[in-house]
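Written out below as structure tokens is the structure these notes cover.
2 protein chains.
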Amino acid sequence: MQLLEDKILKFGKVYPGNVLKVDSFLNHQVDMSLIAELAKELYNQFKDCAVTKVITVEASGIPLAGATAQFFNVPMVYAKKSASKNMSDNFYCAAAHSYTHGGDYEMRICKDYLHKDDRVLIIDDFLASGKAIDAITDIINQANAAIVGAGIAIEKGFQHGGDRLRANGIKVVSLAIIDQMNADGTIAFRPQ
Amino acid sequence: MQLLEDKILKFGKVYPGNVLKVDSFLNHQVDMSLIAELAKELYNQFKDCAVTKVITVEASGIPLAGATAQFFNVPMVYAKKSASKNMSDNFYCAAAHSYTHGGDYEMRICKDYLHKDDRVLIIDDFLASGKAIDAITDIINQANAAIVGAGIAIEKGFQHGGDRLRANGIKVVSLAIIDQMNADGTIAFRPQ
């Protein structure tokens, strides 16, 4: 999506270790007009999939997931992260790993808010190795609900999580896919 | 606001220790149509205040803050919580206390996203003792920005944080104020 690629080129910052900082418009300060455009595009891509629920993980996925859920007129559920091992029986939970913060964490969703007749669209701001999507998928499978696909703002194509998920049959729509980031700050997008 | 009070009466659950669970529509599963209505009302209450930025704290404040920022057509910034003491010099930070999770945490906002000419509307899902608002206020003061007020979904009036903030001259608009919650699950709202 040209609008997002332009924004990344203009405001994104590349740091060593393949870190892309987009916290001026996506995940700390958030440009809600941009988010609305991204959400509309994700709605168009999944509008024939009979989505009943949008699921993301706190906190950075919430703005895009909320705006997307509004287009579908369905509830948005955000999985909660918890360092606590003291899980209530009323939660589905799955282990995940955070590259940004380091370390493992548990992701959980109350059983009351995910049912076997749900058709879930997963939304997140970033897709890299795909571990977060794996954990949400695990939870959706525990609930015997259906996954209609994943809608992502920025995919780090060079980490191949998206390719792996697509090879497994999941419809993954990423609005910008970065195939290369260089030390001089240049960014190469995958043509879509 | 009648719409929100009705929703609380229908779906809210009162637990011992003055806990009100509204995670079926406000802060785990989120009814985005409701959020849009709440945001529109907050926009109407603050539309003459020349708001340039909406600030909240991750994670539960984000849906309402994002929707409100969209009405104002200004950026939304969410303060990040961190247990780490290893603060970068480029962040404003303030100490806060979480009653829900227990324990203290640090709240931080990158200095790039809050300026002295900003006029900030603070948004949150809950207001109880007001400690989270105090911490955001501290950060806004560090940046020498102006606070136009606070827009809240649910205020626990019986914990008096809202009354204290109003007495200090802050315009606090809470869309539902609960003056009493009883063991039998009944809830009394403050007439507004």
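Top line first, the protein sequences correspond to chains E and F.
Here my numbering is used: position 155 in the first sequence is 246, and no number is missing along the way.
Here my numbering is used: position 131 in the second sequence is 222, and no number is missing along the way.
Don't be surprised by glycine CBs; every beta carbon is placed ideally from N, CA and C.
Backbone CA spacing between residue i and residue j [nearest angstrom]
i: residue 173(E); j: residue 198(E); result: 6 Å
i: residue 123(F); j: residue 245(E); result: 23 Å
i: residue 280(E); j: residue 139(E); result: 27 Å
i: residue 98(F); j: residue 145(E); result: 21 Å
i: residue 283(E); j: residue 93(E); result: 10 Å
i: residue 157(F); j: residue 118(E); result: 12 Å
i: residue 141(E); j: residue 269(F); result: 38 Å
i: residue 69(F); j: residue 166(E); result: For chain F, the structure presents residues 92 to 283; residue 69(F) sits outside this window and is missing.
i: residue 176(E); j: residue 230(E); result: With a pLDDT of only 43 at residue 176(E), under 50, the local geometry of the prediction cannot be trusted, and no value is derived from it.
i: residue 221(E); j: residue 128(F); result: 34 Å
i: residue 95(E); j: residue 101(E); result: 10 Å
i: residue 120(F); j: residue 259(E); result: 28 Å
i: residue 114(F); j: residue 205(E); result: 13 Å
i: residue 152(F); j: residue 236(F); result: 21 Å
i: residue 250(E); j: residue 219(E); result: 5 Å
i: residue 182(E); j: residue 202(E); result: 5 Å
i: residue 111(E); j: residue 168(E); result: 26 Å
i: residue 170(E); j: residue 200(F); result: 23 Å
i: residue 136(E); j: residue 162(E); result: 12 Å
i: residue 186(F); j: residue 194(F); result: 11 Å
i: residue 252(E); j: residue 254(F); result: 50 Å
i: residue 188(F); j: residue 196(F); result: 6 Å
i: residue 209(F); j: residue 143(F); result: 6 Å
i: residue 155(E); j: residue 154(F); result: 9 Å
Test: residue i CB closer than 9 Å to a CB of chain F
i: residue 183(E); result: no
i: residue 237(E); result: no
i: residue 177(E); result: Caution is warranted here: a pLDDT of 42 is assigned to residue 177(E), below 50, making its placement in the model unreliable, and no coordinate value can be reported.
i: residue 109(E); result: no
i: residue 161(E); result: yes
i: residue 276(E); result: no
i: residue 153(E); result: yes
i: residue 114(E); result: yes
i: residue 241(E); result: no
i: residue 134(E); result: no
i: residue 106(E); result: no
i: residue 254(E); result: no
i: residue 158(E); result: yes
Chain E contact for residue i (CB, 9 Å cutoff)
i: residue 217(F); result: no
i: residue 97(F); result: no
i: residue 121(F); result: yes
i: residue 126(F); result: yes
i: residue 195(F); result: no
i: residue 140(F); result: no
i: residue 200(F); result: yes
i: residue 273(F); result: no
i: residue 209(F); result: no
i: residue 101(F); result: no
i: residue 187(F); result: no
i: residue 131(F); result: no
i: residue 168(F); result: yes
i: residue 149(F); result: yes
DSSP-derived helix/strand/coil call for residue i
i: residue 143(E); result: coil
i: residue 265(E); result: strand
i: residue 151(F); result: coil
i: residue 116(E); result: coil
i: residue 207(F); result: coil
i: residue 229(E); result: helix
i: residue 193(F); result: coil
i: residue 175(E); result: Here the model assigns residue 175(E) a pLDDT of 45, short of 50, so the residue's position is not dependable, and the following value carries that caveat. Coil.
i: residue 234(F); result: coil
i: residue 281(E); result: coil
i: residue 158(E); result: helix
i: residue 270(E); result: strand
i: residue 108(F); result: coil
Continuous beta strand (DSSP E) stretch holding residue i: start and end
i: residue 134(F); result: No beta strand (DSSP E) contains residue 134(F), which is instead part of the alpha helix (DSSP H) from 123 to 137.
i: residue 247(E); result: 237 to 247
i: residue 219(E); result: Run containing residue 219(E): none; DSSP gives neither H nor E here.
i: residue 186(E); result: 182 to 188
Extent of the continuous alpha helix (DSSP H) run through residue i
i: residue 101(E); result: 93 to 102
i: residue 253(E); result: 252 to 258
Checklist entry - Between the region 239 to 258 of chain E and the region 211 to 224 of chain E, do three or more beta carbon pairs fall short of 8 Å? => result yes
Checklist entry - Are there three or more Cβ pairs, one per stretch, closer than 8 Å when the region 132 to 151 of chain F is compared with the region 262 to 272 of chain F? => result yes
Checklist entry - Does the region 102 to 112 of chain F touch the region 267 to 279 of chain E, meaning 3 or more C-beta pairs lie closer than 8 Å? => result no
Next on the checklist: Could you check whether the region 223 to 237 of chain F touches the region 146 to 153 of chain F, counting it as contact only if at least three pairs of C-beta atoms, one from each stretch, sit closer than 8 Å?
Outcome noted: yes
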